[in-house]
Structure formats: structure tokens, C-alpha cells
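The next block holds one structure in the form of C-alpha cells; read it before the comments.
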Amino acid sequence: MGNVLIEELFYAGSPPAAGSDHYNADQFIELYNIAAEPVALGGLLIGDVYGLAGEINPGSDPDSFAASDPERVYFENLWRIPGDPEDVVLYPGETLVIAQDGTNHQPFSGIDSTGADFEAYVESSGNDEDYPLVANLESVHYTAGYDWLMTVFGPSVALLEPGSEAELEDSSVGSWWELKSAPVARVIDALDSLMDADSGAYKRLPESVDAGFVYVSDTYSGESVRRRLVDDVPTDTNNSSEDFEVGSPKPYGL
Ligand SMILES: [Ca+2]
Ligand SMILES: [Ca+2]
Ligand SMILES: [Ca+2]
51 MGNVLIEELF YAGSPPAAGS DHYNADQFIE LYNIAAEPVA LGGLLIGDVY GLAGEINPGS
111 DPDSFAASDP ERVYFENLWR IPGDPEDVVL YPGETLVIAQ DGTNHQPFSG IDSTGADFEA
171 YVESSGNDED YPLVANLESV HYTAGYDWLM TVFGPSVALL EPGSEAELED SSVGSWWELK
231 SAPVARVIDA LDSLMDADSG AYKRLPESVD AGFVYVSDTY SGESVRRRLV DDVPTDTNNS
291 SEDFEVGSPK PYGL
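Plus 50 on top of the position in the sequence shown (first one is 1) and you've got the working numbering.
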């Protein structure tokens, strides 16, 4: 399972189109199997990590746990790929796409998520659509709104090995924000994205899982962060500053 990488993260949202100027339901996460053998992904956990993406409002200080508890990763939301491990197999060189909404986002965005492998369907919100052709992730822990819309300023995403939910620790921020944390040893891959080049103090992920961070030029820029290719192979040094580059969204492949 250590052969599964986050290959691409599209979080920024799309430029104004068709009367919409804050469209980010086209967000997606793409995973890649870098190994020579198939990888079984049923039970894999994926989530976004607690903390501000930068000084979004004047005076807002870094609030992540990266410095105070570098042995764990603290999730705002966690999802599980359904099934037994072999129910979801990713073959060598193939990618798996997780979409916010498994629909065609035109005309608001050029992205068509009808080909996604999974979508985040928030049944409890009563305000998210369940697209029948795209399988749903299972919710493990949820604190977002009507849909799992990650911050367009830059979310941090991590993959966890399958395991018991009892191994996840509860913690809270203030009196109401409930988080789930997991030891860094359970992290398969992770990617820190932040607001801009000056936001390094806001890193959410411990250096042991991502020593760097990525950023795009602006919110709703239509830009995606994609893994650099070295001899056509995605590179992985656990340092996203070096491993990722900004480009156009490219779901369904390298
Ligand atoms: Ca959704
Ligand atoms: Ca669905
Ligand atoms: Ca891609």
C-alpha cells in the first residue's frame, strides 16, 4: 500500500464561467499506483488536515498541530474507500479519481467527474446530490458543511492505511470542533498545500510525512497541483515543494 501516491490535487476551483464565480464542486483527488504489482485499496482512509492555509484574515496565527504534536496527523474529515481490500484494485500505472461530485461540471468548469471512481456524498447534509454512476465513499468523520468542499486556499490531504477506527484518537479544538488523529506511522502519503509561498509557518503536516508544501497562484485560478514526472514516473521524496508542480487539471491520468 506504500506504493499508492497522491498524484494530483485540484482544490482551487474554477475561473468565473456561465454566471458562476465561486465554483469549486469540481475539486478532485487522484491516486496513482507506482508499483509493478496491483494494490488493494478497499479500506484506505483519506482526509483533510486541520489548520489554516495561511494568514487569510489579518492577524490569524498558525493553528495546526504540526509543531506541537509532530507524531500525529489531525483530520477535520475522514473518508473510507468501501469494501474489503481486494474489492478495489489499482493496477500498476493506473490512477483512481475521488471527486466531490460525480457529475459533469460544464459549463461552470471544464472538468467532467462522471468518470470518477468515487465521490464524497454527504447524505447527512440533505443538500448533496448522490450521483448514481459514481460509487460513494464511506464517511468516517465529518465536520464540513453540505459537501466536503476543501478550502480553496489550500487543503492538506493524507492517506491512511486501513485499520481500526478505535485507533483514531478524538480531540477537539475549542469547545466544538471535533478532530480525529492518527499516528504518522499510519500515513501512506500526504500533501501539504497552503495559501502562498509565504505561508510555510502554517504547515499542517509534520515534516516526516511532507517536508514541503505547494500553492497555486490564486483561489479560483483553475490551477491544479500535479506530481512531477521523472522519466515519465511520478516522483516521491516526501517533500511536496520538490515533488509537485502547478498545471492545468488532468484527471484520469498522469
Ligand atoms: Ca458531493
Ligand atoms: Ca454516488
Ligand atoms: Ca492527473
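Even for Gly, the Cβ is constructed at its ideal location relative to N, Cα and C.
Remember, it's a predicted structure, so these values are computed and weren't measured experimentally.
Report whether the distance from the Cβ of residue i to the nearest heavy atom of ligand 2 is below 7 angstroms.
i    : result
D248 : no
P132 : no
D167 : no
A75  : no
Y196 : no
G176 : no
Less than 8 angstroms between the C-beta atoms of residue i and residue j, yes or no?
i    : j    : result
I79  : V207 : yes
I161 : L187 : no
L59  : S243 : yes
S175 : G195 : yes
E126 : L229 : yes
Q150 : D197 : yes
Y124 : Y100 : yes
P135 : P212 : yes
I84  : V275 : no
P88  : Y141 : yes
W129 : A170 : yes
Leaving aside the five residues before and after residue i along the sequence, list all residues of the same chain whose C-beta is less than 6 angstroms from its C-beta, in chain order.
i   : result
H72 : none
Does at least one heavy atom of ligand 3 sit under 7 angstroms from the Cβ of residue i?
i    : result
G309 : Nothing can be reported for residue 309: it is not among the residues displayed for the chain, which extend from 51 to 304.
T285 : no
T145 : yes
K300 : yes
E57  : yes
L304 : yes
E80  : yes
Looking only at its chain, what residues have a beta carbon closer than 8 angstroms to the beta carbon of residue i, apart from the 5 residues adjacent to it on each side?
i    : result
Y270 : A62, G63, S64, P65, P66, D71, H72, Y73, N74, V202
E57  : E80, L81, Y82, T145, R276, R277, P284, L304
Given 7 angstroms as the limit, tell me if residue i has its C-beta closer than that to any heavy atom belonging to ligand 1.
i    : result
D220 : no
V307 : The requested residue 307 is not part of the displayed model; the chain covers only 51 to 304.
To which residues of the same chain is residue i closer than 7 angstroms at the C-beta, ignoring the five residues directly before and after it?
i    : result
S110 : L102
Cβ contact check for the stretch 279-290 and the stretch 258-266: 3 or more pairs under 8 angstroms: yes
In chain order, each alpha helix (DSSP H) run of at least 4 residues that lies wholly inside the stretch 86-111: none
Ranges of the beta strand (DSSP E) found wholly within the stretch 141-188, counting only runs of at least 3: 145-149
The stretch 238-253 touching the stretch 175-189, judged by at least three CB pairs closer than 8 angstroms: no
Contact the stretch 217-228 vs the stretch 243-258: 3+ CB pairs below 8 angstroms: no
Those runs of the beta strand (DSSP E) which lie wholly inside the stretch 178-261 and span at least 3 residues: 188-191, 206-210, 219-223, 227-233, 237-242
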